[in-house]
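If you're matching them up, the sequences are chains U and H in order. Note that this note's numbering numbers the first sequence so that position 20 is 16, with each residue one more than the last. Note that this note's numbering numbers the second sequence so that position 50 is 46, with each residue one more than the last. Below you'll find the structure, written out as structure tokens, and then a few comments.
2 protein chains.
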Amino acid sequence: MARLGKGGGGLIARNPDRTRGRILSAALAEFAAQGFAGARVDVIARRAAINKRMLYHYFGDKEGLFKAVLRRKVAERRAWGENLSSDPAERLPFWFKTAFDDPNWIRLLAWEALRGDGQKIIDEKERRASTMGWLKRLRQRQTRGELSVEFDPRHLALAMQSLTMFPAAFPQLTRLIMGRTVADGKFQRDYAGFLEKFAAAFRPKNSKRVKKSNA
Amino acid sequence: MARLGKGGGGLIARNPDRTRGRILSAALAEFAAQGFAGARVDVIARRAAINKRMLYHYFGDKEGLFKAVLRRKVAERRAWGENLSSDPAERLPFWFKTAFDDPNWIRLLAWEALRGDGQKIIDEKERRASTMGWLKRLRQRQTRGELSVEFDPRHLALAMQSLTMFPAAFPQLTRLIMGRTVADGKFQRDYAGFLEKFAAAFRPKNSKRVKKSNA
DNA sequence: ATTGCAAGTAACTCAATGGTTACTTAACGG
DNA sequence: CCGTTAAGTAACCATTGAGTTACTTGCAAT
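Shown next as structure tokens:
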């Protein structure tokens, strides 16, 4: 059977890197918004303004694309998050705020948490390594007497992550409690302030360390 | 055109309540596991061992069923969660533990958080009311001097929810930090212990309240 | 008894969706 | 230059999956 107008190649110059990048960006937006099951391959292709076929060309299938998106975001976050203060009084408000600057990150993590049984995660090795780095810095702070030694550093780390990520991850519960949207600037300032004060809980019992200067 | 074997009614006795219940249970399991987009109506029907048509008969459409599931669970949790201790030292470990006894609840909340933009949530009125009840009890504790007054009770409530729900909501991040699965009993005991001690952060500055008796 | 309706069954529909086929052409090493 | 490969296009396709059609029947009130 004679097919009609097939193919019909490029009138514009080729640019694999740009195409790959466009797909990843569009996929990030779509997956973050809709999750894996809810995301539509055609929507991604349209948003990226590329031919759907290219998506399969570069990433194999939907699953592969999802993994690639996750991997890229993980790498990005790991890169700029690696070397920052580990003083809770600074770190808690800071991480809390960044959660709202990059909602896609939080959402991606949430989708990841919901997929499968929680085993076999993407880029496990690298992520574990950077977590270990963080824990090490916490332990150093403990020996330096800047952080309470009565707690397991892993528990402290987990508590810190909980406090900073939860409101962005569960905006509906936050709104229920606060009466305002998490997007509200006032809430973000107030809760950041709360976290700064609350960070006292992480300091050693009898250390009356005074924070930077702003008050 | 002559259709063949249509209909062919019940050889077993009818029981609308049982059928509705079976659908809701199956739907709860499926929605909690797969989310709205990932859930399959046919799977729910099969799991409930009912005819798919009945699902539409009772709940209109997939969306209606999802809402019904959420509503039922919300009501259930509200019922038995209403009147419990509001002393953080008890409440934190308690709620932390219950998060693992009913993983579907956490997952449902997470799916809810991810759907839409965070506005218009199900049973908003009732949920807000019971949240207000909680906040009121926290305020009472504050005036009784059992809870620090230097913090907004809403911030305290949000922090408490963060600390207790996060590990169940993000098992992969918890595993990254702890090195073990959240399902691990040891982790649950340890972190419950951590929360109990950590609850000191919620008590007034110079109150040296001694907790119950254990340890 | 009859009849009205909710409860129930099985087969059918059709749009949406992930993935493919079949083809074209820019680019680049030999 | 020339052939092989990678980048690109558009139409096509098989399947899935939400929702329906068309029918049957238990049960309760008249």
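Beta carbons: idealized from backbone N, C-alpha and C, even for Gly.
At least one C-beta of chain U is nearer than 9 Å to the C-beta of residue 167 of chain H. Taking a Cβ-Cβ threshold of 8 Å, the residues of chain U close to residue 150 of chain H are 173, 174, 175, in chain order. Around the Cβ of residue 103 of chain H, a 10 Å sphere holds 16 or more other Cβ atoms; the residue is buried.
Against residue 31 of chain H, the close residues of chain U are 31, 33, 34, 110, in the order they occur along the chain (beta-carbon pairs closer than 8 Å). The contact set of residue 21 of chain U on chain H, defined by CB atoms closer than 8 Å, is empty, because the minimum CB distance reaches about 20 Å. Residues of chain H with a Cβ closer than 8 Å to the Cβ of residue 107 of chain U are, in chain order, 110. The criterion of a C-beta distance shorter than 9 Å is not satisfied by residue 105 of chain U and residue 65 of chain U.
If you draw a straight line from the Cα of residue 133 of chain U to the Cα of residue 108 of chain U, it comes to about 27 Å.
Residue-level contact check: residue 40 of chain U does not touch chain H, since none of the beta carbons of chain H fall below 9 Å from its beta carbon.
Contact annotation: residue 159 of chain H and residue 88 of chain H have beta-carbon atoms nearer than 9 Å. Taking every protein chain shown into account, the CB of residue 69 of chain H has 16 or more other CB atoms within 10 angstroms, so this residue is buried.
In the structure shown, the three-state DSSP call for residue 202 of chain H is coil. At least 9 Å separates the CB of residue 43 of chain U from every CB of chain H. About 7 Å separates the beta carbons of residue 45 of chain U and residue 18 of chain U, which is inside the 8 Å limit, making them a contact pair.
Nearest to residue 82 of chain U by C-alpha distance, out of U:170, U:56, U:153, is U:153. For residue 90 of chain H, none of the residues of chain U pass the 9 Å Cβ criterion, the least Cβ distance being about 16 Å. Check the Cα spacing between residue 74 of chain U and each of U:85, U:62, U:124: the tightest is with U:124. In this structure, the straight-line span from the alpha carbon of residue 190 of chain U to that of residue 182 of chain H is close to 31 Å.
Put simply, the backbone Cα of residue 145 of chain H is about 23 Å away from that of residue 78 of chain H. No Cβ of chain U is located within less than 9 Å of the beta carbon of residue 82 of chain H. Around residue 135 of chain U, no beta-carbon contact reaches into chain H at under 9 Å, the shortest distance being about 13 Å.
Within the same chain, 183 come within 7 Å of residue 174 of chain U by CB-CB distance, once the 5 residues on both sides are set aside.
Secondary structure of residue 116 of chain U (DSSP, three-state): coil. Rounded to the nearest whole angstrom, the CA to CA distance from residue 97 of chain H to residue 162 of chain H is 14 Å. At least one CB atom of chain H sits nearer than 9 Å to the CB of residue 146 of chain U. Within chain U, not a single residue places a beta-carbon under 9 Å from that of residue 12 of chain H; the smallest gap is close to 31 Å. For residue 163 of chain U, the nearest beta carbon of chain H is closer than 9 Å to its own beta carbon. Per the C-alpha coordinates, the member of H:71, H:43, H:93 positioned closest to residue 179 of chain H is H:93. At the C-beta level, residue 166 of chain H and residue 157 of chain U come within 9 Å of one another.
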